[in-house]
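Just so you know, we're using this note's numbering here: the sequence shown kicks off at 1 and counts up by one. Ideal placement from N, C-alpha and C gives every residue a C-beta, glycine not left out.
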Amino acid sequence: MRESHAGTALHGDRVLVRVLGRLPADAPARARCTWEGRVERVLERAQAILVGRFMRTPYAGYVLPLDERFLYEIEIAPGEALEAEDGQIVAVELLRSPTAHHPPVGRVIEILGRDGDPGLDEEIVIRKYRLPHRFSERALQEAAGLPDSVHDRPLWRERLARGESKRRDFRAWVTVTIDGESARDFDDAVSVERLPDGSFLLGVHIADVSAYVPEGSALDIEARERGTSVYFPDRVLPMLPERLSEDLCSLRPGVDRAAFSVLMKIDRRGDLLAYELCPSVIRSQARLTYTVVNELLRGRLAPSAREVRPGSVLELSAEASFARIADALRTMAELGQILIERRHKRGAITFDLPEPVVLFDDEGRIGGIVRAERNLAHRLIEEFMILANETVARHLARGPRPVIYRVHEPPDAERVREFLALVKALGFSIPRQGLRTPRDFQHLARQFAERREGRVLSLMMLRSFRPAIYSTENRGHFGLALEHYTHFTSPIRRYPDLVVHRLLRRALARPTAPARPKEREALERIAEHCTERERLADEAEREILAWKRARFMAERIGQEYEGIIVSVKEYGFYVELEEVFVEGLVHISTLTDDRYDFDPKRYALVGRRGKRRFRLGDIVRVRVARVDVDHHLVDFVLVGMPRRGTS
1 MRESHAGTAL HGDRVLVRVL GRLPADAPAR ARCTWEGRVE RVLERAQAIL VGRFMRTPYA
61 GYVLPLDERF LYEIEIAPGE ALEAEDGQIV AVELLRSPTA HHPPVGRVIE ILGRDGDPGL
121 DEEIVIRKYR LPHRFSERAL QEAAGLPDSV HDRPLWRERL ARGESKRRDF RAWVTVTIDG
181 ESARDFDDAV SVERLPDGSF LLGVHIADVS AYVPEGSALD IEARERGTSV YFPDRVLPML
241 PERLSEDLCS LRPGVDRAAF SVLMKIDRRG DLLAYELCPS VIRSQARLTY TVVNELLRGR
301 LAPSAREVRP GSVLELSAEA SFARIADALR TMAELGQILI ERRHKRGAIT FDLPEPVVLF
361 DDEGRIGGIV RAERNLAHRL IEEFMILANE TVARHLARGP RPVIYRVHEP PDAERVREFL
421 ALVKALGFSI PRQGLRTPRD FQHLARQFAE RREGRVLSLM MLRSFRPAIY STENRGHFGL
481 ALEHYTHFTS PIRRYPDLVV HRLLRRALAR PTAPARPKER EALERIAEHC TERERLADEA
541 EREILAWKRA RFMAERIGQE YEGIIVSVKE YGFYVELEEV FVEGLVHIST LTDDRYDFDP
601 KRYALVGRRG KRRFRLGDIV RVRVARVDVD HHLVDFVLVG MPRRGTS
C-alpha cells in the first residue's frame, strides 16, 4: 500500500481495499507482499488514543505522534490541551478522524511527563500498545481474600494430616528454584534423585495457580485479558496481582506451596520410562540463580554454608543443607547433559543467543546495556521444562477432550530460499536437500557457532522461521523437533499454561469424559487471543529496549566504539557495538572514500574504484554521530576500516 493510496486510513483501521495488481518482482515491498492495493473506504477506526509530543504555536496546539506509523499531526481542539506545556509527552484521544482536507483533531487526556523523567518510556509504551496495567477492584478484593497458606484451608489441612489428600506431599524432597537474579515470581521448582537401578527421577513442580484462580472469577477475567505478563527492564506488568504472583503462588524457600508436579523416570539414554502427574504440596529448600548454579557446577563455588547470605540471590530455607543441595545440583547436571544430547540427536534446533540487560544506577539512570549470556544452568532448566511440557501434552493428547498446544510450523519456503542464498554467499556448507528438516537447520547452526558472525546468522535463521502460536490443532513443534508440545510450566505469567493446568486437572479426575459443548471453539478463541497478546507483549518489550538504547547513546554522541557488521542493506550497514549491546546504522552517504553498490550475491557493499568491501562479520570502528530518541534511531560514522572477524 503506497502512502498515496492509503487515503485517510490510519494504522490498525479496518478498510475496504481495491486490488490494483501484482507487485513487480524487484519492488522493495515484495519481501512482505505480493499484491498492491488502494484504500477505497475506512470501515472501522482502530486507534482512539495516541501518544505524542505536545507543541504549542501562537495560534493553536498540536501533537506530533511518537508512533511513526501514524502519518498525521493531531490538531488539539480549543480548550482541550489540559494545560500541557511545549515539549511534554501527552496521551491524546482522537475526536475527529482526518479527511482529505483536514488533519485529525483530538484532546489531551493525560500528561505523561518530559524527556528524562523516570518511567516515562514505560508509560509511553503502555499506552501505545494499550497494555492493561491496573487491576480491577474486584480482582484485588478476590486476591486479598485468599488464604495465606495451603494449610489455612481446613479441608487441605485435615486431609494432609490424615494422609488422605489428593495432593501428594513432597515437602521433604530436595527441591529448588533456579531463576535470574531479578526474578520475583518463582513458578517452577525442580528435584532430581538417582534411583537404585541407575535411572533418574526428575520432578518438575509448577505453582498450582488454578487452585487460587477459578475459571470465570474476576482474577481469571483479568488474567485472560492480559494473556501474559510483560517484562520491562525495571518494571513488570504482571498477569496476576502481586498477592498471587509474588506471594501465594511463588515457590519461595521454606514456605509450603500448592503445586502441580510432573514426576518422570528417565534412563541413562534420556528415554522417558514412566511418569506421574499429580497435585502436590512442596517446600522449596533454596532460591538459586543461574549464575550461582553455574559457578557451583564449574567448581568455582564451594558448597559450604559460609558461601550463603540470608536474603541474597542464594537463599536457603532454615532446614536446608547446602551440601545436599550441591549434590542434587550435580545430579541435575548429569541428567541435563543426557537430555541435551538426546535433544541434539532428535534434531532440535538450539539458539544460545544473549539477552540485553539494562543496568541502572542508584538514581534510576541507565548505567549500561550488556549481554546476558546463557550458561549451563539455563540449559538444564530449559531441558527439564521442555520435557515436562512434552509429557503433559502427550498425556492430554491421548484423551477425548481438546487441548491448547504450542505449535511451531515449518518455515516459509520463500524465506528459507532467501536465507539459503545468504549463507551460500558466505561460504557455508548446505545439506544436499536444502533446509527442510529441523536437523538440516541444526547442522547449519553448528557451523555458525564456529564463526564470529555466528550469533548474527543464528538470529537471521530464527527470523526466517514462523512464530510459534497457540492452537487446538496439534501440528507439532518444528524447532524442538517434537510431535506434541504445550505450555504448562509458567502459569503465573502465561494464561495458556493456566488453562492447560485446568485441562489436566479435569483429565486426571475424569479421563474418559467427553468434551463439553463448544469447548473446542472456546479454547481456540483463547488460543488466538493469547497468541495475539504474546505478539503485542513482545513488540512492547522490544520497543522499551529501543527507547533505553537510544537514550543511553544520546549521551554518548562523539564517542568511538568497536563493533561487528550485523546487517548489510542497499542504503548502508548496521553495526552492533562490542562494549555496549547497541546497534546503529552507518549510512552509505557517509562512506566518502568511494561510491558503494550493494552486491546481493556476496551480501556486501563494494566500492566502485578501490573494491573495498563491507561484509557481514567485519569488525569496524565507528563514532556515534546522531541519535533520534523519539524514533529510537542511532546513526554512526565510520572511523576505522573493516577487518575480518575471527572465530
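Local conformation of residue i per DSSP, three classes
i: PHE54; result: strand
i: HIS11; result: coil
i: ALA445; result: helix
i: PRO310; result: Only weak support exists for where PRO310 lies, its pLDDT of 44 falling under 50; the coordinates are left without a value.
i: TYR495; result: helix
i: GLY572; result: strand
i: ILE178; result: strand
i: PRO147; result: coil
i: PHE598; result: strand
i: SER217; result: coil
i: LEU633; result: strand
i: GLU189; result: The sequence shown places Ala at residue 189, rather than the Glu named in the question. Reduced to three states, the DSSP call for ALA189 is strand.
i: THR350; result: coil
i: SER471; result: strand
i: MET264; result: strand
i: MET641; result: strand
i: PHE614; result: strand
i: LEU248; result: helix
i: LEU155; result: Note that LEU155 has pLDDT 47, beneath the 50 cutoff, so the model's placement of it is unreliable and the number below is only indicative. If DSSP states are grouped into helix, strand and coil, LEU155 belongs with the helices.
i: ARG516; result: coil
i: LEU504; result: helix
Element boundaries [alpha helix (DSSP H), containing residue i]
i: SER464; result: 454-464
i: ASP86; result: Where ASP86 is concerned, there is no enclosing alpha helix (DSSP H), given that its DSSP letter is neither H nor E.
i: VAL392; result: 376-397
i: GLU341; result: 322-346
i: PHE552; result: 519-554
i: THR291; result: 290-297
i: LEU422; result: 413-425
Contact test: residue i Cβ vs the ligand PLP heavy atom, cutoff 7 Å
i: VAL586; result: Ligands in the displayed structure: none, and consequently the ligand PLP is not present.
Cβ neighbour criterion (16 or more within 10 Å) applied to residue i
i: CYS249; result: buried
i: SER284; result: buried
i: LEU16; result: exposed
i: GLN88; result: buried
i: ARG463; result: exposed
i: ARG346; result: exposed
i: GLY399; result: buried
i: LEU43; result: exposed
i: ASP597; result: exposed
i: GLU521; result: exposed
i: SER182; result: exposed
i: PRO511; result: exposed
Neighbourhood of residue i by C-beta, 7 Å cutoff - its chain only, sequence neighbours within 5 removed
i: ASP594; result: GLY607, ARG608, ARG609, GLY610 and ARG612
i: ALA372; result: PRO354, GLU355 and VAL357
i: GLU149; result: According to the sequence as given, residue 149 is Ser; it is not Glu. Around SER149: ASP256.
i: HIS652; result: Coverage of the chain is limited to positions 1 through 647, which leaves residue 652 absent and any answer about it impossible.
Residue i - containing beta strand (DSSP E), residue span
i: LEU202; result: 200-207
i: CYS278; result: 272-283
i: LEU585; result: 583-587
i: ASP649; result: Given a span of 1 to 647 for the chain in the structure shown, any question on residue 649 remains unanswerable.
i: ARG41; result: 35-44
i: ILE366; result: 366-372
i: PHE232; result: 230-232
i: GLU75; result: 74-76
i: TYR129; result: Careful: TYR129 lies outside any beta strand (DSSP E) and carries neither H nor E.
i: GLU110; result: 105-113
i: LEU237; result: 235-237
i: ALA604; result: 604-607
Own chain residues within Cβ distance below 6 Å of residue i, not counting five before or after
i: GLU648; result: Outside the modelled stretch of the chain, which goes from 1 to 647, sits residue 648, for which no answer is possible.
i: ALA537; result: THR228 and VAL230
i: VAL213; result: LEU219 and ASP220
i: CYS530; result: GLY227, TYR470, TYR495 and PRO496
i: ALA46; result: GLY12 and ASP13
Neighbourhood of residue i by C-beta, 8 Å cutoff - its chain only, sequence neighbours within 5 removed
i: ARG22; result: THR34, TRP35 and GLU36
i: LEU195; result: LEU201 and LYS265
i: ARG309; result: Any answer about ARG309 is weak, because its pLDDT of 46 lies below 50 and its placement is not dependable; what the coordinates show is given next. Closer than 8 Å at the Cβ level, and outside the excluded window around ARG309, lies no residue.
i: ILE648; result: Any property of residue 648 remains undetermined from this structure, which presents the chain solely from 1 to 647.
Assumed close pair residue i, residue j - CB separation to whole angstroms, cut-off 8 Å
i: VAL622; j: GLY563; result: 6 Å
i: VAL566; j: GLU576; result: 5 Å
i: PRO253; j: ALA286; result: 6 Å
i: ASP197; j: SER245; result: Not a contact, Cβ separation roughly 40 Å.
Closer than 8 Å to chain D by CB, residue i
i: ARG502; result: Structure shown: chain D not included; a single protein chain is present.
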